[in-house]
Every structure is written in structure tokens, then in C-alpha cells.
Amino acid sequence: NSLIGEEYRWPHTIPYVLEDSLEINAKGVILNAFERYRLKTCIDFKPWAGEANYISVFKESGCWSYVGNRHIGRQELSIGANCDRIATVQHEFLHALGFWHEQSRFDRDDYVRIVWDRILSGREHNFNIHDDTESDSLNVPYDYMSVMHYSKNAFQNGTEPTIVTRVSDFEDVIGQRLDLSDTDVLKLNRLYNCTSSLSFMDSCNFELENVCGMIQSSRDSVDWQRVSQIPGGPENDHSNMGQCQGSGFFMHFDSQSVNVGGTAVLESRIFYPKRGFQCLEFYLYDSGSGTDQLNIYVREYSVNDLDGKLTLVKEIKEIPTGSWQLYYVTLQVTSKSRVVFEGLRGAGASSGGLSIDDINLSETQCPHHIWHIRNFTQIFDTPNASLYSPPFYSPKGYAFQIYLNLQSLPNVGIYFHLISGANDDQLQWPCPWQQATMTLLDQNPDIRQRMSNQRSITTDPFMTTDNGNYFWDNPSKVGKLAFFPNGTQFSRGGGYGTSVFITEKRIKSRDFIKGNDVYILLTVEDISHLNSTSSQPAPTSSVRDLCSSVTCENGGICTVQDDKAECRCPSGEDWWYMGERCEKRGSTQDTIVIAVSSTVAVFVLMLIVTLVSVYCVRRKYRKGTSSKTPNVAIENQYAF
Amino acid sequence: TPENFVKDIDAGIDQDIFDINEDLGLELFQGDIRLDRVQGR
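Going line by line, the protein sequences match chains A and B. For the first sequence, our numbering gives the first residue as 277, with consecutive numbering after it. For the second sequence, our numbering gives the first residue as 260, with consecutive numbering after it.
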């Protein structure tokens, strides 16, 4: 449901500014939202470098945006308090890219029924339709799953839904705030006439005989086999979990058919990386001896190494047997290369081997940790269940734990806790500006079709609790005693998160629960560099920070020139800001108006001067002639 | 439960975009769209 008119389009790479007014957590969430656009769509984002038009994200009241590129230079998009959810950011950016809400499509009455008497009085206009002279649905069917759809309760005056879907199955689907839907992506790529993606590289579920162009090595003991079932397990593949008769294939290394140390090598097709960092993700099943291992290599080609240089990236050992396991491997490849999977027979009797399925490769950052929850359905059905994750460490060394609250169904809550850890004495307390991102994985085989549920929180070192302690202080100081399942004692700090992470209905939808397994992906990043105040290097006592006393307005940037703080004002094709603080706005239109009006003013002035001078001359002339004439009675005078 | 002593970022209310804007009394087109002068006309 897009705004008609090429003039409203942005370039495929959109210049943006994250203004200082934004909360630091929101800045991190916005950057994560950009990564989702880069994975699923052909849209990219780059810091503004003076382009005529750009999107300036700031914190004003509420969450809102303009629709389309308005060519106003600094185009505002507000991510206010409570708007720092990734799908909210994606929603507002879809507006900026040129999309209206889904239920305002001209054909919406075929798919939903608006119950007008349940709408807050005075809010009925929010359910208006854009007819097809101003909006284009891009030849895509109505999408109940769109991230641009109102929820069933939008603007309700009571408790009854204002929107009733004509297909009842979608009643609780509309209003999803998980991620871009497949159709959102399709529309966006159609609107911008492109299908490429910056960060997606490949997705393989082995359903096609060509096995995604992967090749068997000739320098190994046996080949990997494309099968749909192994007597010793797995009984079925991971993509379809045996739900589709005649499909459901995966690759299997039959380790019992080789001696200890025997291998099977499978190489991917050749890739040409663009970003220099990649995340390899796949599901692995071990039905062998439990000592089999999977080695991941990259084969990098260069002009002086046509065969490619093989580098071991990761050895995956002690693979839990008897179920599909999710693995992530971080790669850092900068040139033409292949990913290589080497199955290696371990010691001990083997009754099966290794199986691989649902490989995804993308130029994104891998999550730091995976919390694998088995037998989720049973846990979910246990009254008053609450789940704590195993302990993890952030890259900075902070120990943490995740708490999944299943005690307040139909809402599922999730919280991030710092806990006592091995590095506490060397760490900074209270814990400063670490952003914890918790993602409930939608286990769709294709990474591009996932709609994972993600929330982020950031540790604010100044946050205090009711008793005056710092919330993010050392858990050994402000935490409470707790015990790991093995009885080890530790201290757990306060939990910070949301009790409405996801609903019971939604967690049972899509592929959040697959094979009775749930995965929560965890990333804890230091985002203190995003903090506007701390991002400026703290001025040492001798040098005064000249810009600290200068506030540039309208997106102006303070710079120090010849030891003097000046504002560099933004400008565009036909507009500019000026003045000491960029407080004044100019535009060619204004200049023309000023030029024309001053020309007219000068002309009028000249005219007045001319008229006055003519009048004076004539009066003077008349006086002149009357003073020279003798006193002659004026009679009939005859000319002689 | 007390031993969890958890703090909610959104006060435990699952507010959609439009609820947030409504509570703030924002008069936005379709709940979260800002119109420029051309569109406003």
C-alpha cells in the first residue's frame, strides 16, 4: 500500500542521522533494525554526509514518521519513549520509505470489517481508505501479516475489536510487531525495483537435488549423502520435521562406514563477500558414537593460490546425540571463497554419523550465545514454570543470565540479570551501557523469511533501585543469593526486561517452537560509543571543549576552526540554514522573493522620485515664466 | 516472584505504536503519520 509517485522515493542507500536526543537503547535498536533491512531487502542505510535529503531520527513525543521522501532536507522520524522496539522502528521506516498502513488499502473491505461503533469517537478518520489514485498495492495480495497492519484493538472505545478479519484465523495475527513479513519485503523490493540484499548470501535446506551447488570433495574417505531418513536417527530432516511426505532431505555423513579418522568433505559454492564478516548457521544431528566431530573451514582463493587456501575456523565436538542442534560459526572472509564442512569419524563404535540441514550464510553478526530450551511444550504446560538460562559471559566479561517468565500466561516475560562472575573484580561497576538483545528465534529454514521476536535493554549505570542502590552495580553487592542446578551458589542482580515479550498464541505460531525446541539468541554489546555525551572525548582540564558552549540548531554540526567553535549548517538543493547557530532558514524561493520585491521597491521608489522631480521642475518652470512677464493688463493683445 | 526482583521496561503493558501516541495526545494522521503542508492540504 504505497504512495504513488517516483518523487517520493529514496535512493537505495538512505542517509540518516541519529540525533543526540535519542535514548541510547533506541540508537542500538535502530541500528539493529537497519541490519534487518539489509538482510531482507535492497535498502541500505549510511550516515548522512551532506546529501540534500536525509532521515533524521530523534526523540520527540511518540513514534511517527512522514510517508515517502518529502524532499525537505532533514526529514524527521521520531522514536520517542517506549518506541525502542525493533518492529516499531521497522514500521516507521516503512512509512518513510513510502508505505501507508495495510488496512487503508482501497480493497481492504474485502478482507477486514471495520466495526465503526467500537472506535473511539473522533478517531474514525484513522480508518479511512486511500483509493487507488493515490496508493498502489503493487499487485500484491492483502497482507494480514504485514508489520503495517493495525491490531484488532486499534483505537477501540471498549474491549471489543475494531477490526474483524474476514478470515478468522488472522484475527490474532493482524498487528504483529515481530518483523517485516514476506509480503512487506516483496512490496518494498517492487517499489524500489530491486531484489538484491546487502547481507544475505545463501540458504540451503537440501530439498533440491542440486544441494545448493555444494560439491563433494575427492580428497576424503566417503561422500556426504542426500537422504530423508537414517535408521539410527534422525528420522526426519529439520526443515519440514517429516511433515511433508516425499520431501524433507538433509546431508548425512555415515561415519560407521569409515575407519576412525575417516572423513567426508562437502564444499559450498563460491561466494564473493562484501562486508568482511559473516555468520554461518546450521542444524547438526549426531547419531554416531558421540565422538564424531564436524570441522568448519573456509577455502579462500587468491591470484597466487588458485586452489584456495584452506583455513580451519572451528572444530565442533561433543555434539549432543539424538536431536537436531543449532550452531553458529563466525567467519571473517574478505575474498572469493567457499565454506567447507568436514565430517570426521571419532573413536568408539558408531551407529550412524553426522547430519546437516538448514544452512544459512549471511554477512551479519552471529549472536554471542544460544539458550537452547528442550521439551519446551512440557515446560510451557507446567503451571507456574519459570526458566533461568545457564550463565553466560558478555565479550566485556560480565556474567549474565536470562529469566523467562511463564507464570503470567498468556503473556511470556523475559528479563536480563547480571550475576556474579569470574571477572567481577576487574570490571567497571555499575555496568555501563551494555545492550542486551534477546531474540526468540523463528526457526524458519530460510533466514530471510524469519520473523523472530526481539527486545533489547541497555544497562544505564545511573539507574537506581528504590533502596538507593545502583541497579547495575556488582551483583555480589546488590544481588540476591541464588543456586545453579548443580548447587553452586552465586549472586543474581535485578532483572530488567518486559513481562509482555510475547503472547502464548504467538509463541505457538510460526516456527518459534520446532521439534519441541526453542532457541533464544543472546547478544550483549558495549554501545557506550553511541552515547552522545560520552561519545565526545571527555575534554582534559587544560583544553576547554569549545563546542560544549555552542548549541547548533536544525541539525547543524559544531566544529572548531582556528580555535573558534563554529556551526556547520546543513543545506540542500534549494534550501540552507544560516546564522551563528544555524537558527535561520534560507531557500532559493525566499531569495527570489526578496530579489523580486526589492526590484519592485526600487522601481516604485525611482518612479516616485521621477514624478516628484517632474512636478518640481514644472512648478519651478511655471514660476519662472510668470516672474519675467511685464505688468501688462491682460487685454486683447494682437500679435503683429 | 520476589526473588526475581525484576523491573519492566514498559511497565508490563504491551502498548502498540498507536496506543503510545494516543496516550500522549498526539493528533497524527492514522495514528503515527506526520503530513507535510502539501499532504495536509
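Beta carbons are placed, not taken as given, at the ideal position from N, Cα and C, and that holds for glycine.
- prompt: Are the beta-carbon atoms belonging to methionine 421/A and asparagine 277/A less than 9 Å from one another?
  reply: It is not a contact, given that the beta carbons lie outside the stated cut-off.
task: Flag arginine 293/B as yes if its beta-carbon sits less than 9 Å from any beta-carbon of chain C, otherwise no.
output: Reference to chain C is not applicable here, since the protein chains of this structure are A and B.
message: Can you pull the chain A neighbours of glycine 271/B, defined as C-beta to C-beta under 9 Å?
response: Ordered by position in chain A, the residues that pass the 9 Å Cβ test against glycine 271/B are Ser684, Asn687, Gly689, Thr774, Ser775 and Val776.
message: Buried or exposed, going by whether 16 or more other CB atoms sit within 10 Å of the CB of glutamate 639/A?
response: When all chains shown are included, glutamate 639/A counts as buried.
query: Can you pull the DSSP bridge partners for proline 323/A?
result: The bridge partners DSSP lists for proline 323/A are Tyr292/A.
query: In chain order, which continuous runs of the beta strand (DSSP E) of length 3 or greater are located wholly inside the stretch 452-485 of chain A?
result: The beta strand (DSSP E) runs of length 3 or more contained entirely in the stretch 452-485 of chain A are, from start to end of the chain, 476-480.
- request: Determine, using beta-carbon pairs with one atom in the stretch 563-580 of chain A and one in the stretch 491-511 of chain A, whether at least three such pairs fall under 8 Å.
  value: Touching, yes.
message: My output table needs one value for glycine 489/A: the three-state DSSP class, helix, strand or coil.
response: In this structure, DSSP gives glycine 489/A a helical state, which the three-state scheme calls helix.
- request: With a threshold of 16 other CB atoms inside 10 Å of the CB of phenylalanine 760/A, please say whether the residue is buried or exposed.
  value: Counting every other CB atom within 10 Å of its CB across the protein chains shown gives phenylalanine 760/A a total below 16, marking it as exposed.
- prompt: If you drop the 5 nearest sequence neighbours on each side, which residues of the same chain put their C-beta closer than 7 Å to that of arginine 399/A?
  reply: Listed in chain order, the non-local C-beta contacts of arginine 399/A below 7 Å within the same chain comprise Phe431, local neighbours out to five positions each way being set aside.
field: methionine 477/A and isoleucine 632/A closer than 9 Å at C-beta
entry: No.
query: Starting from lysine 585/A and walking both ways along the beta strand (DSSP E), at which residues does that stretch end?
result: Where lysine 585/A is concerned, the enclosing beta strand (DSSP E) stretches over 581-592.
task: Take proline 437/A as the anchor and find which of Ser427/A, Val443/A and Phe446/A has the nearest alpha-carbon.
output: Out of Ser427/A, Val443/A and Phe446/A, Ser427/A has the C-alpha closest to the C-alpha of proline 437/A.
- prompt: Using DSSP with H/G/I as helix, E/B as strand and the rest coil, what is valine 443/A?
  reply: DSSP places valine 443/A outside both helix and strand once states are collapsed to three, so it counts as coil.
- prompt: Who are the near neighbours of valine 536/A in its chain, counting only those whose CB is closer than 6 Å to its CB and skipping five residues on each side?
  reply: Correct list, in chain order: Arg621 and Ala623.
- prompt: Who are the near neighbours of arginine 768/A in its chain, counting only those whose CB is closer than 7 Å to its CB and skipping five residues on each side?
  reply: Closer than 7 Å at Cβ, skipping near neighbours: Gln677, His693, Ile695, Pro751, Gly755, Lys756 and Ala758.
field: Euclidean distance between Cα positions of aspartate 291/B and aspartate 568/A
entry: Rounded to the nearest angstrom, the two C-alpha atoms are 55 Å apart.
- request: Please state whether DSSP places glutamate 780/A in a helix, a strand or coil.
  value: Secondary structure of glutamate 780/A (DSSP, three-state): helix.
- request: Assign leucine 716/A to one of two classes, buried (16 or more other C-beta atoms within 10 Å of its C-beta) or exposed (fewer than that).
  value: Buried is the label assigned to leucine 716/A, since at least 16 other Cβ atoms lie within 10 Å of its Cβ.
query: For a contact meaning CB atoms closer than 9 Å, what does threonine 593/A contact in chain B?
result: Per the sequence presented here, residue 593/A reads as lysine, with threonine not at that position. Within 9 Å of the CB of lysine 593/A, no CB atom of chain B is found; the nearest one sits about 35 Å away.
- request: Select from Pro596/A, Pro549/A and Ile649/A the residue whose C-alpha is nearest the C-alpha of serine 613/A.
  value: Restricting attention to Pro596/A, Pro549/A and Ile649/A, the CA atom closest to the CA of serine 613/A is found in Pro549/A.
message: Looking at tyrosine 795/A: is its Cβ nearer than 9 Å to the Cβ of isoleucine 649/A?
response: Contact flag set, yes.
In DSSP terms, what glutamate 931/A is bridged to: Because chain A spans 277 through 916 in this model, residue 931/A falls outside it and cannot be assessed.
query: Quick one: any contact between the stretch 704-720 of chain A and the stretch 733-745 of chain A, if contact means 3 or more CB pairs under 8 Å?
result: Contact between the stretch 704-720 of chain A and the stretch 733-745 of chain A is present, with at least three C-beta pairs closer than 8 Å.
Nearest-angstrom Cα separation, counted from serine 457/A out to glutamine 725/A: If you take the alpha carbons of glutamine 725/A and serine 457/A, they lie about 7 Å apart.
field: Sequence-distant residues of the same chain with beta carbon closer than 6 Å to glycine 770/A, five excluded per side
entry: Counting only Cβ-Cβ distances below 6 Å, and skipping sequence neighbours, we find Phe747.
message: Strictly below 9 Å CB to CB, what residues from chain A border glycine 290/B?
response: Listed by position along chain A, the residues whose Cβ is nearer than 9 Å to that of glycine 290/B are Trp340, His377, Arg399, Asn402, Tyr426, Ala430 and Phe431.
task: List the residues of chain B whose Cβ lies closer than 9 Å to the Cβ of glutamate 368/A, in chain order.
output: What glutamate 368/A touches in chain B: Ile276 and Asp291.
message: Between which residues of its own chain and asparagine 280/B is the CB-CB distance below 8 Å, once the five residues before and five after are set aside?
response: Taken in chain order, the residues that qualify are Leu287, Gly290 and Asp291.
Under the three-state DSSP convention, the category serine 817/A falls into: For serine 817/A, the predicted structure reports a pLDDT of 37, less than 50, and the residue's modelled location is therefore unreliable. A value from the coordinates is still provided. Serine 817/A carries a coil assignment under DSSP once its states are collapsed to helix, strand and coil.
task: Could you pull out every residue in the same chain whose Cβ sits closer than 6 Å to the Cβ of tyrosine 313/A, ignoring the five residues on either side in sequence?
output: Setting aside the 5 residues that flank it on each side, tyrosine 313/A is surrounded in the same chain by Ile319, each with a C-beta closer than 6 Å to its C-beta; the list follows chain order.
- prompt: Is DSSP giving glutamate 410/A helix, strand or coil here?
  reply: Here glutamate 410/A sits in coil by DSSP.
- prompt: Are any of the Cβ atoms in chain B nearer than 9 Å to that of isoleucine 733/A?
  reply: Under the 9 Å criterion on CB atoms, isoleucine 733/A is classed as interfacial with respect to chain B.
query: With 16 other CB atoms within 10 Å as the buried threshold, where does glutamate 483/A fall?
result: In summary, glutamate 483/A is buried, with 16 or more beta-carbon neighbours lying within 10 Å of its beta-carbon over all protein chains present.
- prompt: With a Cβ-Cβ cutoff of 9 Å, do leucine 353/A and phenylalanine 334/A count as a contact?
  reply: In this structure, the beta-carbon distance from leucine 353/A to phenylalanine 334/A falls below 9 Å.
message: Quick check on the DSSP output: the alpha helix (DSSP H) that includes tyrosine 313/A runs from which residue to which?
response: Segment 300-316, the alpha helix (DSSP H) holding tyrosine 313/A.
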